[in-house]
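**Q**
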Amino acid sequence: MKAEKLANPWLDKLRPYYEKPLPADVIKLDLSENLYGPSPKVFDVVFANLDAIGQYTRLDHVIELKNALSKYTGLAVENISVFHGADAALDCVLRCFTKPGDKVVIHQPTYPVFISFAKAFGVEVIDVYLKKPNFTLSLDEAIPACREAKVVFICNPNNPTGNIVISANELSELLKLDIMVVIDEAYYEFSKYTVAHMVRDYSNLIVIRSFSKAFGLAGLRVGYALAAEEAINILEKARIPYEISILESKAAIAALSDLEYLEQVVSSCIEGRDFVYRSLLELSDVKPYESRANFLMFSLKRGDIKAPKLAEHLLNKYRVAVKDLSRFKGLGEEYLRVGIGKMEHNKIFVDSLKAALAELR
Numbered sequence: 001m002k003a004e005k006l007a008n009p010w011l012d013k014l015r016p017y018y019e020k021p022l023p024a025d026v027i028k029l030d031l032s033e034n035l036y037g038p039s040p041k042v043f044d045v046v047f048a049n050l051d052a053i054g055q056y057t058r059l060d061h062v063i064e065l066k067n068a069l070s071k072y073t074g075l076a077v078e079n080i081s082v083f084h085g086a087d088a089a090l091d092c093v094l095r096c097f098t099k100p101g102d103k104v105v106i107h108q109p110t111y112p113v114f115i116s117f118a119k120a121f122g123v124e125v126i127d128v129y130l131k132k133p134n135f136t137l138s139l140d141e142a143i144p145a146c147r148e149a150k151v152v153f154i155c156n157p158n159n160p161t162g163n164i165v166i167s168a169n170e171l172s173e174l175l176k177l178d179i180m181v182v183i184d185e186a187y188y189e190f191s192k193y194t195v196a197h198m199v200r201d202y203s204n205l206i207v208i209r210s211f212s213k214a215f216g217l218a219g220l221r222v223g224y225a226l227a228a229e230e231a232i233n234i235l236e237k238a239r240i241p242y243e244i245s246i247l248e249s250k251a252a253i254a255a256l257s258d259l260e261y262l263e264q265v266v267s268s269c270i271e272g273r274d275f276v277y278r279s280l281l282e283l284s285d286v287k288p289y290e291s292r293a294n295f296l297m298f299s300l301k302r303g304d305i306k307a308p309k310l311a312e313h314l315l316n317k318y319r320v321a322v323k324d325l326s327r328f329k330g331l332g333e334e335y336l337r338v339g340i341g342k343m344e345h346n347k348i349f350v351d352s353l354k355a356a357l358a359e360l361r
């Protein structure tokens, strides 16, 4: 029998999720990576523990990382579960709290992996569109949708818009419903806005964070969930054994031990973000949107230029990669996102954008 006939039918319309390769000389501002890289302490720890490559992670390594995260977050160890990246935590939430045929609420635009994961589990997605021009979440629309669903995913700050889409007070209204509320705080370190403290009062709240952004560990894949002990116990039952390697665990602990470096990186990114925002405000052809993350969304005011064309031109002529957002739900062919790099990268981007806009007239 063919594999296609044995596969779950809801996978038919899904496509594998890969990022296209880019040459080494390209300034990569398309994935909002931390171009400063991790703390020097991370490199020291990784090189000192290369012999751990041949070993499985044991419970003591996980506990050590949870203890470090407890100190960092101010929450108890019992409120923390660690994963092979924040995406693995999102996957685990769906495995624990949904089954095929259930519904989840996802605001649009947002991180497209939410949609991919839900559809991979045979779960129906209810879209709630953020309100323009500021891309805010309307509770008048979200609450009725949530009454039909098992889980709601909210990205805060939101990718790709960069703004805070829901406040703690608004969130408390959603938490009154019979639904699991998942808040993706991958960009927390840049916004300093969190609802993690609310897990002490609500067992239907899960906050997910990442080491890929501010901590610069995107290639090592470390993420974690913060929730009430009741919810953590459920997630722990379904998480993959040996999920985080010893090297990843030690690297994350090293990153948490150097918060001075973290704050330097965050401060530099915010300075760069403000520079790019001010620079784009001066351009008549684009509109930048205020951001609380390490990226900036902007839209094109000219109808004769579309995002795919501009992104392609910046890449091919100026070797600068930005994210074309034309395929994101709730946006269109006029939206792009640029990650914030080191100041020299930001200046190259601004100069390249100015030149590209002039050339595409």
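Using full-length UniProt numbering, read the sequence shown as starting at 1 and increasing by one per residue. Where is the CB? At the ideal position from N, CA and C, for every residue including glycine.
#1: Report the option in 275, 247 and 167 whose CA atom is closest to the CA atom of residue 344.
#2: What does DSSP give as the partner residues of residue 342 in its beta bridges?
#3: Kindly list the residues whose CB is nearer than 6 angstroms to the CB of residue 239, restricted to its own chain and excluding five residues on each side of it in sequence; keep chain order.
#4: Quick one: measure Cβ to Cβ for residue 226 and residue 79, integer angstroms, because I've assumed they're closer than 8 angstroms.
#5: What is the DSSP secondary structure of residue 54, counted as helix, strand or coil?
#6: Determine the contact status of residue 218 and residue 42, defining contact as a CB-CB distance below 8 angstroms.
#7: Looking only at its chain, what residues have a beta carbon closer than 7 angstroms to the beta carbon of residue 330, apart from the 5 residues adjacent to it on each side?
#8: Name the residue from 208, 28 and 134 whose alpha carbon lies nearest to the alpha carbon of residue 290.
#9: For the beta strand (DSSP E) holding residue 77, just list the boundary residues, first then last.
#10: Going by C-alpha distance, which of 263, 195, 21 and 306 is nearest residue 325?
#11: Below 8 angstroms on the Cβ atoms is my guess for residue 244 versus residue 207; work out the distance and round it to an integer in Å.
#12: Tell me whether residue 336 sits in a helix, a strand or coil according to DSSP, three-state version.
#13: Report the three-state DSSP secondary structure of residue 236 (helix, strand or coil).
#14: Would you call the segment 109 to 121 and the segment 156 to 166 touching, i.e. three or more CB-CB distances under 8 angstroms?
#15: Where do the ends of the beta strand (DSSP E) carrying residue 164 lie?
#16: Determine the burial state of residue 223: buried for a count of at least 16 other Cβ atoms within 10 Å of its Cβ, exposed for fewer.
#17: Grab the span of the alpha helix (DSSP H) containing residue 119 for me, first residue to last.
#18: Taking the alpha-carbon of residue 123 as reference, which of 99, 269 and 56 has the nearest alpha-carbon?
#19: So is residue 47 buried or exposed if we call it buried at 16+ other beta carbons inside 10 Å?
#20: Using CA coordinates, which residue listed in 316, 317 and 308 is at the minimum distance from residue 323?
#21: Please report the straight-line C-alpha distance between residue 22 and residue 356, rounded to a whole angstrom.
#22: In its own chain, which residues sit with a C-beta less than 7 angstroms from the C-beta of residue 242, not counting the 5 before and 5 after it?
#23: Identify whether residue 9 lies in helix, strand or coil by the three-state DSSP scheme.
#24: If we ignore side chains and look at the alpha-carbon of each, how far apart do residue 211 and residue 62 end up?
#25: Here's the rule I'm using: 16 or more other beta-carbon atoms within 10 Å means buried, otherwise exposed. How should residue 38 be labelled?
#26: When DSSP labels each residue in this structure, what does residue 40 get in the three-state scheme?
#27: Would you mind working out which of 117, 115, 173 and 148 sits nearest residue 137, comparing C-alpha positions?
#28: Any idea what DSSP makes of residue 172, helix, strand or coil?
#29: Report the residue from 13, 310 and 49 whose alpha carbon sits nearest the alpha carbon of residue 248.
#30: Please classify residue 282: is it buried, with 16 or more other beta-carbons within 10 angstroms of its beta-carbon, or exposed?
#31: Take residue 334 as the anchor and find which of 147, 310, 179 and 350 has the nearest alpha-carbon.
**A** So, to answer that:
#1: Taking the sequence shown and counting its residues from 1, the one referred to as residue 344 is at position 344. Comparing Cα positions, the closest option is 275.
#2: Within the sequence shown, numbered from 1, the residue matching residue 342 stands at position 342. In DSSP, residue 342 forms no bridge with anything.
#3: Locating residue 239 in the sequence shown gives position 239, counting from the first residue. Within the same chain, 92 come within 6 angstroms of residue 239 by CB-CB distance, once the 5 residues on both sides are set aside.
#4: For the purposes of this step, residue 226 is taken as the residue at position 226 of the sequence shown. For the purposes of this step, residue 79 is taken as the residue at position 79 of the sequence shown. The Cβ separation is near 6 angstroms, so the contact holds.
#5: If you number the sequence shown from 1, residue 54 lands on position 54. Secondary structure at residue 54: helix, using DSSP grouped into helix, strand and coil.
#6: For the purposes of this step, residue 218 is taken as residue 218 along the sequence shown, with counting starting at 1. For the purposes of this step, residue 42 is taken as residue 42 along the sequence shown, with counting starting at 1. The answer is no: Cβ separation not under 8 angstroms.
#7: Counted from its first residue, the sequence shown places residue 330 at position 330. Excluding sequence neighbours, residue 330 sits near 108, 109, 129 and 130.
#8: For the purposes of this step, residue 290 is taken as residue 290 along the sequence shown, with counting starting at 1. Nearest Cα to residue 290 within the set 208, 28 and 134: 134.
#9: Taking the first residue of the sequence shown as position 1, residue 77 is located at position 77. Run containing residue 77: none; DSSP gives neither H nor E here.
#10: Here residue 325 corresponds to residue number 325 of the sequence shown, with the count starting at 1. Out of 263, 195, 21 and 306, 306 has the C-alpha closest to the C-alpha of residue 325.
#11: Residue numbering aside, residue 244 sits at position 244 when the sequence shown is read from its first letter. Residue numbering aside, residue 207 sits at position 207 when the sequence shown is read from its first letter. Actually they do not touch by this definition, with Cβ atoms about 18 angstroms apart.
#12: Looking up residue 336 in the sequence shown gives position 336. In this structure, residue 336 counts as strand in the three-state DSSP scheme.
#13: As a working mapping, residue 236 is identified with position 236 in the sequence shown. Residue state for residue 236 is assigned as helix, using DSSP reduced to three classes.
#14: Segments in contact, yes.
#15: Counting from one through the sequence shown, the residue named residue 164 turns up at place 164. Here residue 164 belongs to no beta strand (DSSP E), and DSSP marks it neither H nor E.
#16: Locating residue 223 in the sequence shown gives position 223, where the first residue counts as 1. With 16 or more other Cβ atoms inside 10 Å of its own Cβ, residue 223 counts as buried.
#17: For the purposes of this step, residue 119 is identified with residue 119 of the sequence shown, where counting begins at 1. Unbroken alpha helix (DSSP H) run through residue 119: 113 to 120.
#18: Here residue 123 refers to the residue found at position 123 of the sequence shown. Closest by alpha carbon: 99.
#19: To locate residue 47, count along the sequence shown from 1; it is residue 47. Label assigned to residue 47: exposed.
#20: For the purposes of this step, residue 323 is identified with residue 323 of the sequence shown, where counting begins at 1. Here the closest residue by C-alpha is 308.
#21: Here residue 22 is taken as the residue at index 22 of the sequence shown, counted from 1. Here residue 356 is taken as the residue at index 356 of the sequence shown, counted from 1. Each residue's alpha carbon lies about 20 angstroms from the other.
#22: Here residue 242 refers to the residue found at position 242 when the sequence shown is read from its first residue. If we look at residue 242 and ignore the five residues flanking it on each side, its Cβ neighbours are 56 and 57.
#23: Counting from one through the sequence shown, the residue named residue 9 turns up at place 9. Helix.
#24: The residue given as residue 211 occupies position 211 in the sequence shown. The residue given as residue 62 occupies position 62 in the sequence shown. One alpha carbon belongs to residue 211, the other to residue 62, and they sit about 15 angstroms apart.
#25: Position 38 of the sequence shown, counting from 1, holds the residue named residue 38. Burial of residue 38 is indicated by the presence of at least 16 other C-beta atoms within 10 angstroms of its C-beta.
#26: In the sequence shown, residue 40 corresponds to position 40, counting from 1. Per DSSP, reduced to three states, the secondary structure at residue 40 is helical.
#27: Working through the sequence shown from its first residue, we reach residue 137 at position 137. Answer by Cα proximity: 173.
#28: On the sequence shown, position 172 is the one that residue 172 refers to. Residue 172 falls in the helix class under three-state DSSP.
#29: One-based indexing of the sequence shown puts residue 248 at position 248. Out of 13, 310 and 49, 49 has the C-alpha closest to the C-alpha of residue 248.
#30: In the sequence shown, the residue the question calls residue 282 occupies position 282. Exposed: under 16 other Cβ atoms inside 10 Å.
#31: Numbered from its first residue, the sequence shown carries residue 334 at position 334. The residue among 147, 310, 179 and 350 with its C-alpha nearest the C-alpha of residue 334 is 310.
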